[in-house]
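*Asks:* First to last, the sequence lines map onto chains A and B.
To convert, take the position in the first sequence, counting from 1, and add 6; that gives the numbering used here.
To convert, take the position in the second sequence, counting from 1, and add 6; that gives the numbering used here.
Note that beta-carbon positions come from the ideal geometry of N, C-alpha and C, so glycine has one too.
2 protein chains.
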Amino acid sequence: MRSDAPSPAAPKTAADRPTLKTIADLSGFAVATVSRALAEDPKIAVATRRRVAEIARQIGYEPDRAARRLRTGRTMVINLILDPHFEVLGFGNALLIGLTTALEGSGYNLVVTPHFDDTDQLAPIRHIVVNRQADGVIFTRTAPFDSRVRFLMEHGFPFVSHGRTDFTEEHSWVDFDNEDFAYRGTLRLIEKGCRNVCAILPPRTLTFRQHLQYGFMRAVREFGVDTLVPESITLDTPADEIRDWACGILDGPNRPDGFLCPGEASYLAIRSACQKRGLVIGRDLRVVSKSISGVISQIDPDADTIQEDVEQAGRLMAQHLLTTLSEPSVRAPMTLQSAKPLFE
Amino acid sequence: MRSDAPSPAAPKTAADRPTLKTIADLSGFAVATVSRALAEDPKIAVATRRRVAEIARQIGYEPDRAARRLRTGRTMVINLILDPHFEVLGFGNALLIGLTTALEGSGYNLVVTPHFDDTDQLAPIRHIVVNRQADGVIFTRTAPFDSRVRFLMEHGFPFVSHGRTDFTEEHSWVDFDNEDFAYRGTLRLIEKGCRNVCAILPPRTLTFRQHLQYGFMRAVREFGVDTLVPESITLDTPADEIRDWACGILDGPNRPDGFLCPGEASYLAIRSACQKRGLVIGRDLRVVSKSISGVISQIDPDADTIQEDVEQAGRLMAQHLLTTLSEPSVRAPMTLQSAKPLFE
DNA sequence: GAAAAAAATTGAATCGTTATAACAACGCAA
DNA sequence: TTGCGTTGTTATAACGATTCAATTTTTTTC
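1) Hey, residue 118 of chain A and residue 180 of chain B: beta-carbon distance below 8 angstroms or not?
2) Let me know the beta strand (DSSP E) ranges lying completely inside the stretch 274–301 of chain B, each 3 residues or longer, listed in chain order.
3) Could you spell out where the beta strand (DSSP E) holding residue 216 of chain B opens and where it closes?
4) Assuming the contact rule is C-beta atoms closer than 8 angstroms, residue 324 of chain B and residue 178 of chain B should be a hit. Round their C-beta distance to whole Å, please.
5) So for residue 318 of chain B, helix, strand or coil by DSSP?
6) What's the gap between the Cα of residue 285 of chain A and the Cα of residue 292 of chain A?
7) Taking the alpha-carbon positions, what's the residue 76 of chain B to residue 69 of chain B distance?
8) For a test of the three-state rule: what should DSSP assign to residue 202 of chain A, helix, strand or coil?
9) Going along the chain, which residues of its own chain have a beta-carbon closer than 7 angstroms to the beta-carbon of residue 261 of chain A, five neighbours each way excluded?
10) Are there 16 or more other CB atoms within 10 angstroms of the CB of residue 5 of chain B, so buried, or fewer, so exposed?
11) Under 8 angstroms, Cβ to Cβ, is there at least one residue of chain B near residue 104 of chain A?
12) Taking all protein chains shown into account, do 16 or more other C-beta atoms lie within 10 angstroms of the C-beta of residue 145 of chain A, making it buried, or fewer, making it exposed?
13) Is residue 82 of chain A close to chain B, meaning its C-beta is less than 8 angstroms from at least one C-beta of that chain?
14) Starting from the Cα of residue 111 of chain B, find the closest Cα among B:88, B:200, B:328 and give me that residue.
15) Applying the criterion that 16 or more other CB atoms from any shown protein chain within 10 Å of the CB defines a buried residue, is residue 330 of chain A buried or exposed?
16) Of all the CB atoms in chain B, is at least one closer than 8 angstroms to the CB of residue 23 of chain A?
17) Quick check: the stretch 212–231 of chain A against the stretch 187–198 of chain A, are there 3 or more CB pairs under 8 angstroms?
18) So residue 116 of chain A and residue 101 of chain A are in contact, right, with Cβ under 8 angstroms, and what is the actual spacing, rounded?
19) Between residue 289 of chain A and chain B, is the shortest Cβ-Cβ distance under 8 angstroms, so that the two count as touching?
20) At a cut of 8 angstroms, does the stretch 209–217 of chain A reach the stretch 26–40 of chain B through at least three beta carbon pairs?
21) What does the alpha-carbon distance come out to for the pair residue 47 of chain A and residue 41 of chain A?
22) Is it the case that the stretch 259–273 of chain A contacts the stretch 228–242 of chain A, given that we only count it when at least three CB pairs across the two stretches are under 8 angstroms?
23) Less than 8 angstroms between the C-beta atoms of residue 305 of chain A and residue 287 of chain B, yes or no?
24) Starting from residue 343 of chain A, follow the alpha helix (DSSP H) in both directions and report where the run begins and ends.
25) Please report the straight-line C-alpha distance between residue 341 of chain B and residue 176 of chain B, rounded to a whole angstrom.
26) Can you find a CB in chain A that lies within less than 8 angstroms of the CB of residue 12 of chain B?
27) Would the beta-carbon of residue 345 of chain B fall within 8 angstroms of that of residue 183 of chain B?
28) For the stretch 131–152 of chain A, enumerate the residues whose C-beta is nearer than 8 angstroms to any C-beta of chain B, in chain order.
29) If contact means a Cβ-Cβ distance below 8 angstroms, which residues of the stretch 301–325 of chain A contact chain B?
Written out as structure tokens, the structure is:
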């Protein structure tokens with residue numbers, strides 16, 4: 007390593023990064039004093055604190071994350087578990103933007119971990135908890151009795167889930183009011199004259215299927231219209247499969263005249279099927295869809311959509327987690343995002 | 007916090023996380039020996055290495071990141087700079103998936119940092135370099151004389167950019183062959199009979215504008231067709247502005263009969279304008295677009311698109327960075343992703 | 001069988017921070 | 001003078017890994 011043998015200049019970056027020792031030497035105080043002064047310890051004289059803070063500011067001191075983490079055990083890391091369905095149009099992006107903006111300036115880093123093996127959802131989380139890789143965890147697509155939630159609660163590990171559970175013990179979550187979305191969306195379909203409405207729902211494993219179903223059923227019961235809830239088709243079904251299925255349905259004897267799509271992908275699939283069958287949405291049948299990225303209204307300007315603000319969800323989740331981390335005793339923060347009124 | 011007052015059992019998780027000391031005690035070797043054994047130091051007897059490795063495996067030992075980082079200076083972190091235009095449909099997601107999959111099992115963590123202040127692109131990177139927050143950096147939307155690239159090269163800090171620069175000194179990058187895309191896309195338009203083609207280009211600040219322009223101009227010169235390259239409208243222009251502009255153009259005296267859209271958003275905007283003017287893509291005019299998320303072919307099954315594999319770009323960038331990190335002496339890896347042939 | 005060489009192991013220092021406990025220096029009461 | 005609180009400051013010991021420079025053990029050589 008005789009890299010700087012010939013060249014005299016070129017000071018290696020960050021080789022001379024300031025530490026507490028630097029400030030100690032500069033100020034004349036001991037390292038311990040400097041540390042406590044920067045921590046605003048009341049046992050340190052106010053004059054000293056000011057002096058030290060000033061020097062720290064001048065030389066651009068920033069505490070070493072590794073040293074801190076080693077000493078205190080706090081990682082200053084929040085881990086987002088990226089799951090296989092993250093790729094749903096816009097959802098992941100929006101969430102990420104929300105998370106990072108809310109975390110900005112908090113001192114916490116967001117690390118993103120994938121988990122593509124659906125069979126063992128717990129693995130990445132167990133790894134994080136057991137090996138202390140983060141101070142808190144964030145994940146999506148929560149199940150009624152989610153194994154991740156159970157594990158994290160058992161271990162007293164801070165987390166915020168996107169979506170609720172059916173556990174009795176409280177935990178922090180952020181969720182979109184899917185029941186209200188489904189209720190109002192269905193009402194809308196009925197109001198427009200639909201008498202046979204179809205809802206594409208998430209897989210049975212996910213909690214928000216229940217919510218959507220409740221809202222949907224509540225609306226259809228009130229008005230006594232016919233329904234169709236496919237068994238084999240869910241929000242996670244590949245687009246072309248949904249499309250083909252919808253084509254079949256549209257050809258059938260009693261075809262639905264209204265569709266409720268709790269996701270953009272399913273809307274596009276239905277739309278695709280209509281195209282194939284020469285049907286026009288808004289004339290031959292009605293569709294109400296959730297809107298996340300905004301593509302839908304760009305494609306079909308007068309599509310009936312209800313906006314889910316995923317970026318806000320991200321911000322909320324980050325804020326909730328920060329709260330939980332700073333004051334663990336407080337009640338777990340929970341937020342239900344309301345479905346904004348339909349655009350008319 | 008008197009949670010475990012009554013219960014005697016309940017071993018606090020990870021409180022007894024195994025360290026080198028644990029293995030040392032269990033095996034009878036010294037901590038130093040264990041450390042070197044796990045590092046497969048040839049000066050340690052093979053039998054010892056095996057013995058130590060076996061114990062480590064049994065008790066599930068995993069080295070402490072903070073301790074390692076403090077001692078060696080290696081953070082084992084790769085930082086992705088999330089920029090304001092990350093939200094472009096699908097791009098960010100795909101990149102993230104690619105990055106995380108390629109990083110899986112490498113020991114590197116991916117931390118995501120936002121940078122919404124377009125005025126100082128350098129700030130987040132300077133912070134990372136000066137404060138040793140990561141071992142390598144990844145970013146997108148590269149400029150011909152990108153300040154980030156210059157800074158990182160000056161400091162000898164490992165990075166991979168998405169997009170090339172005009173610097174003479176080599177550095178690692180991954181880029182889509184936009185020139186070829188533009189060339190072939192334009193040829194396609196001409197082949198379909200277009201005689202007045204319009205290209206929406208990225209802002210002048212970005213390198214890939216040049217590439218697209220070259221390809222575009224090469225094709226139009228070969229066949230001597232008319233062109234329109236808007237000054238005020240770029241890929242970054244908000245969708246509704248592009249739409250309104252396009253409406254104006256379509257109303258004008260010599261309206262283009264072909265559009266080249268190097269992004270999904272611009273395609274949708276053009277499409278939107280056509281809808282407004284009652285024009286049909288594929289009949290009244292032609293559009294060739296880049297496809298990233300796949301929405302386009304879902305909306306318009308017979309749209310002319312050329313696929314950019316962003317997920318692969320992510321994987322490549324991660325691999326390149328890993329290579330650079332493990333053998334810094336090797337020539338900086340660079341990859342030009344070829345535009346796949348048009349689907350016909 | 002002793003000296004030299006090679007092989008294997010280890011003690012101690014170090015990275016930058018924080019927490020504990022000890023230590024000065026001071027005034028003030030007894 | 002002795003003793004006792006205050007009030008600030010500091011020495012020291014961790015946290016868990018790596019690495020240099022010994023040190024011990026084994027093998028080889030004469």
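*Replies:* From the atom records:
1) Within the first sequence, the letter at position 112 stands for residue 118 of chain A. Within the second sequence, the letter at position 174 stands for residue 180 of chain B. Against a cut-off of 8 angstroms, the Cβ pair of residue 180 of chain B and residue 118 of chain A comes out as no contact.
2) 292–297
3) Reading the second sequence from its first residue, position 210 is the one you call residue 216 of chain B. No beta strand (DSSP E) holds residue 216 of chain B; the alpha helix (DSSP H) holding it covers 213–229.
4) As a position in the second sequence, residue 324 of chain B is number 318, starting the count at 1. As a position in the second sequence, residue 178 of chain B is number 172, starting the count at 1. Their Cβ separation, rounded to whole angstroms, is 11 angstroms, which puts residue 324 of chain B and residue 178 of chain B out of contact at 8 angstroms.
5) Taking the second sequence and counting its residues from 1, the one referred to as residue 318 of chain B is at position 312. DSSP places residue 318 of chain B in helix when its eight states are reduced to three.
6) Translated into the one-based positions of the first sequence, residue 285 of chain A becomes position 279. Translated into the one-based positions of the first sequence, residue 292 of chain A becomes position 286. Going from the Cα of residue 285 of chain A to the Cα of residue 292 of chain A covers about 10 angstroms.
7) The residue you call residue 76 of chain B lines up with position 70 of the second sequence. The residue you call residue 69 of chain B lines up with position 63 of the second sequence. The straight-line gap from Cα to Cα measures roughly 12 angstroms.
8) The sequence position of residue 202 of chain A within the first sequence is 196, counting from 1. DSSP places residue 202 of chain A in strand when its eight states are reduced to three.
9) Here the question's residue 261 of chain A lines up with position 255 in the first sequence. Cβ neighbours of residue 261 of chain A beyond the five flanking positions: 255.
10) The question about residue 5 of chain B has no answer, for chain B in this structure spans 7 to 350.
11) As a first step, residue 104 of chain A is located in the first sequence; it is residue number 98 there, counting from the start. No - not a single Cβ of chain B is within 8 angstroms of the one on residue 104 of chain A.
12) As a position in the first sequence, residue 145 of chain A is number 139, starting the count at 1. Buried: at least 16 other Cβ atoms inside 10 Å.
13) Here residue 82 of chain A refers to the residue found at position 76 of the first sequence. Answer no: the Cβ-Cβ gap between residue 82 of chain A and chain B never drops below 8 angstroms.
14) Mapped onto the second sequence, residue 111 of chain B falls at position 105. The shortest Cα separation from residue 111 of chain B among B:88, B:200, B:328 belongs to B:328.
15) By one-based count along the first sequence, residue 330 of chain A stands at place 324. Its Cβ being crowded by 16 or more others within 10 Å, residue 330 of chain A is buried.
16) Numbered from 1 along the first sequence, position 17 holds the residue referred to as residue 23 of chain A. Cβ-Cβ to chain B under 8 angstroms: yes for residue 23 of chain A.
17) yes
18) Here residue 116 of chain A refers to the residue found at position 110 of the first sequence. Here residue 101 of chain A refers to the residue found at position 95 of the first sequence. Not quite, the Cβ-Cβ distance comes to about 11 angstroms (not below 8 angstroms), so this is no contact.
19) For the purposes of this step, residue 289 of chain A is identified with residue 283 of the first sequence, where counting begins at 1. With 8 angstroms as the cut-off, residue 289 of chain A does not count as an interface residue toward chain B.
20) no
21) Position 41 of the first sequence holds residue 47 of chain A. Position 35 of the first sequence holds residue 41 of chain A. About 9 angstroms.
22) yes
23) Mapped onto the first sequence, residue 305 of chain A falls at position 299. Mapped onto the second sequence, residue 287 of chain B falls at position 281. No, they are not a contact pair.
24) Walking along the first sequence from the start, residue 343 of chain A turns up at place 337. Here residue 343 of chain A belongs to no alpha helix (DSSP H); instead the beta strand (DSSP E) covers 340–343.
25) Residue numbering aside, residue 341 of chain B sits at position 335 when the second sequence is read from its first letter. Residue numbering aside, residue 176 of chain B sits at position 170 when the second sequence is read from its first letter. For residue 341 of chain B and residue 176 of chain B, the distance between alpha carbons rounds to 12 angstroms.
26) Position 6 of the second sequence, counting from 1, holds the residue named residue 12 of chain B. Since pLDDT at residue 12 of chain B reaches only 32, below the 50 mark, its modelled position is unreliable, and the value read off the structure follows with that caveat. No, no contact with chain A.
27) Within the second sequence, numbered from 1, the residue matching residue 345 of chain B stands at position 339. Within the second sequence, numbered from 1, the residue matching residue 183 of chain B stands at position 177. Cβ distance < 8 angstroms, so residue 345 of chain B and residue 183 of chain B count as in contact.
28) 135, 136, 137, 138, 139
29) 301, 304, 305, 307
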